[in-house]
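Chemist: My structure is below; once you've seen it, I'll send some questions.
Residue numbers (the working numbering): 6 to 390.
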């Protein structure tokens, strides 16, 4: 059986969706040798604003990844993969697996599958935001987006929260499948280099891993840092992630608050460097107000790193409050949780240990791999009959 995955971006472009697609593609190819898996995607590094991956970062693309030219759509964030219809036909898939509501690859794939009578698995990675409530996107939801859901033979969600959003929005869904992303625990079994060696011994090290964009609320953790420093004057905050057009605002905030000695924006790190950051930090802070899942929280947990995150969206599913993390609703609670874990090492260790036990029974790539292969096997049996 030949499966084609269509997605807006693909690693080395960074992001939770991109990692999810890569892991499913890699693992279905390595486990099910009778399944030919291919990827149709773009050269985009970011899509808002649109920037491209440098050519040297594409040198190691596997042969099953094909990157199409892309075009911007005027006035809206809706990049288009050129000739996607043609290349879907060229590869002649038995089944197509598409990702990301709000974007053209999934919409075009849905129409192609309906026209050519191919099974269509849809991973919407669905979310709502202030921008998506604009009239243009509300029209999209009721027209193009509605038809994409209607075309899907199976809709895969990564959390019960995502499923509830889709149900509440009134989209037509034939059947849901819950397949959360996971963590490759083997990545965390050996020690990686410490990227914080320049910090004095005993420095409380706070880590954020996120794309640098306004919707991730990184400004909140920076804004509470002066209060943290009153109680923990040597604390340092390290923020890891690609810039999505917001680094200048964060840098200006750091300067305005006089925090240059306590905040570092590290930008993109290699995978090994990122593992080292997880392993050598003291606390992981995730202030984002929206996550369909929150893979960076799971990765922090895999490194036995205590987590503080906002009580929002799917985050309580990944890390329940007072069991696997401390969750906050406002900046005052964020400050109190950080100071509590800095002062009480035993509480921090207990949270991290409970979170790890929950992780290994619910959120590993081995678990996700089995679920998606079972889904493919079901469709394969239908195709063969």
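Beta carbons: idealized from backbone N, C-alpha and C, even for Gly.
Mind checking which residues open and close the alpha helix (DSSP H) that includes residue 172?
Modeler: Per DSSP, residue 172 belongs to the alpha helix (DSSP H) from 165-174.
Chemist: Would you be able to state if there are at least three C-beta pairs under 8 Å between the segment 222-230 and the segment 182-192?
Modeler: no
Chemist: Counting along the chain, where does the alpha helix (DSSP H) carrying residue 338 start and finish?
Modeler: 336-348
Chemist: Whose C-beta lies closer than 6 Å to the C-beta of residue 268 among residues of the same chain, with five residues either side of it excluded?
Modeler: 242 and 259
Chemist: For residue 281 and residue 370, I'd like the C-alpha separation in whole angstroms.
Modeler: 20 Å
Chemist: Taking the Cβ atom as the reference point for each residue, do residue 168 and residue 176 lie within a distance shorter than 7 Å?
Modeler: no
Chemist: Could you please give the first and the last residue of the uninterrupted alpha helix (DSSP H) stretch that includes residue 385?
Modeler: 370-389
Chemist: Just to confirm my understanding: we take residue 92, look at its own chain, exclude 5 residues before and 5 after, and list those with CB closer than 6 Å. What are they?
Modeler: 45
Chemist: Could you tell me the boundaries of the beta strand (DSSP E) in which residue 203 lies?
Modeler: Run containing residue 203: none; DSSP gives neither H nor E here.
Chemist: What are the boundary residues of the alpha helix (DSSP H) that residue 307 is part of?
Modeler: 300-307 is the span of the alpha helix (DSSP H), which, as asked, contains residue 307.
Chemist: Quick check: what's the CA-CA separation for residue 164 versus residue 184?
Modeler: Going from the Cα of residue 164 to the Cα of residue 184 covers about 8 Å.
Chemist: Could you say if the segment 342-357 and the segment 305-322 meet the contact criterion of at least three C-beta pairs nearer than 8 Å?
Modeler: yes
Chemist: Let me check understanding here. Comparing Cα to Cα, which of 321, 10 and 48 lies closest to residue 69?
Modeler: 10
Chemist: Three-state secondary structure (DSSP) at residue 246?
Modeler: coil
Chemist: My assumption, with CB atoms under 8 Å, is that residue 112 sits in contact with residue 153. Please give the rounded CB distance.
Modeler: 5 Å
Chemist: Where does residue 123 sit, in a helix, a strand or coil, going by DSSP?
Modeler: Residue 123 carries a coil assignment under DSSP once its states are collapsed to helix, strand and coil.
Chemist: Out of curiosity, what's the CA-to-CA distance linking residue 318 and residue 263?
Modeler: 32 Å
Chemist: Cβ of residue 217 within 7 Å of Cβ of residue 252?
Modeler: yes
Chemist: Please report the distance separating the alpha-carbon of residue 129 from that of residue 90.
Modeler: 19 Å
Chemist: Can you tell me the Cα-Cα spacing of residue 271 and residue 245, whole angstroms?
Modeler: 5 Å
Chemist: Please report how far the alpha carbon of residue 115 lies from the alpha carbon of residue 74, in whole angstroms.
Modeler: 20 Å
Chemist: What does DSSP give as the partner residue(s) for residue 8 in the beta ladder?
Modeler: 42 and 100
Chemist: Counting C-beta neighbours from all protein chains within 10 Å, is the total for residue 105 16 or more, i.e. buried, or is it exposed?
Modeler: Residue 105 should be labelled buried.
Chemist: Can you find the residues in the same chain that come closer than 7 Å, C-beta to C-beta, to residue 77, ignoring five residues on each side of it along the sequence?
Modeler: Residues of the same chain with a CB within less than 7 Å of the CB of residue 77, apart from the 5 flanking positions on each side, are 55 and 84 in chain order.
Chemist: Note down, in chain order, each residue of its chain lying with its Cβ closer than 6 Å to the Cβ of residue 287, except the 5 sequence neighbours on either side.
Modeler: Contacts found: 209 and 210.
Chemist: Note down, in chain order, each residue of its chain lying with its Cβ closer than 8 Å to the Cβ of residue 278, except the 5 sequence neighbours on either side.
Modeler: 197, 198 and 200
Chemist: Which residues bound the beta strand (DSSP E) around residue 161?
Modeler: 159-162
Chemist: Does the beta-carbon distance from residue 265 to residue 289 come in below 7 Å?
Modeler: no
Chemist: Grouping DSSP H, G and I as helix and E and B as strand, with all else coil, what is residue 366?
Modeler: helix
Chemist: With DSSP as the reference, label residue 281 as helix, strand or coil.
Modeler: Note: residue 281 maps to helix in three-state DSSP.
Chemist: Name the DSSP bridge partner or partners of residue 272?
Modeler: 245
Chemist: Could you pull out every unbroken beta strand (DSSP E) segment of at least 3 residues lying fully inside the segment 205-234, listed in chain order?
Modeler: 210-214
Chemist: Between which residues of its own chain and residue 344 is the CB-CB distance below 6 Å, once the five residues before and five after are set aside?
Modeler: Same-chain partners within the cutoff: 236.
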